[in-house]
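What follows is one structure encoded as structure tokens, with my remarks underneath.
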Amino acid sequence: MDLKNLERLVEDQLANIEPDDVRAALTSYVVRPTCQLRRWDYGSEGERFPCWLVARFHESRTGIAYCEHGFGPEYAWGVVGLGDDAMGTDAAWHVSLEQAFRNSAPWAGRNPSDYEVP
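Residues in the sequence shown are numbered consecutively from 1, following this note's numbering.
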């Protein structure tokens, strides 16, 4: 994945988020993607994968990253810590940017009554 394709992917993910309040809240945290090598604790010692940080939540010191490796490509959107280089646990990785945001500290809105994290 290169920067241009990732920027398009983020735009597509944002365009598909409804309702508008969720999209607006997330958009305020979106940043220009930066690639980081993050530690994968489930493989060989020292194994790292390129992850693209696409949103930053300064108050909680977390963000959302996209990674095609590790839990990806199926669960490619993860809530990650900004203070370390770990990819984190499987519970932090989701199938969409919206789901990652809905399961992050900054989302204070309500989720639909039938909402389930896949």
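Idealized CB from N, CA, C, for every residue including glycine.
Through-space distance from residue j to residue i, alpha-carbon basis
i      : j      : result
Pro106 : Tyr115 : 18 angstroms
Ser44  : Gly72  : 17 angstroms
Thr62  : Ser113 : 26 angstroms
Ala15  : Glu74  : 20 angstroms
Phe101 : Val79  : 8 angstroms
Lys4   : Ile64  : 18 angstroms
Asp2   : Arg8   : 10 angstroms
Collapsed DSSP secondary structure at residue i in the structure displayed
i      : result
Ala86  : strand
Arg56  : strand
Phe71  : coil
Ala108 : coil
Arg23  : helix
Arg102 : helix
Nearest residue (CA-CA) to residue i, options the options
i      : options                       : result
Val10  : Arg56, Pro19, Leu97 and Ala25 : Leu97
Gly109 : His94, Asp12 and Pro19        : Pro19
Arg32  : Leu53, Asp2, Leu82 and Met87  : Leu53
Gly81  : Glu68, Cys51 and Val22        : Cys51
Phe141 : Asn103, Asp21 and Glu47       : Within the shown structure, residues of the chain are numbered from 1 to 118, placing residue 141 beyond reach of any answer.
6 angstroms CB neighbourhood of residue i in its chain, flanking five on each side removed
i     : result
Met87 : Arg38, Trp40 and Gly70
Exposed unless 16 or more other CB atoms sit within 10 angstroms - verdict on residue i
i     : result
Ser28 : exposed
Ser60 : exposed
His94 : buried
Ala92 : buried
Other residues of its chain near residue i: CB distance less than 8 angstroms, five sequence neighbours each side excluded
i     : result
Val30 : Val10, Leu14, Val54 and Ala55
Gln36 : Pro50, Cys51, Trp52, Leu53, Ala65 and Asp85
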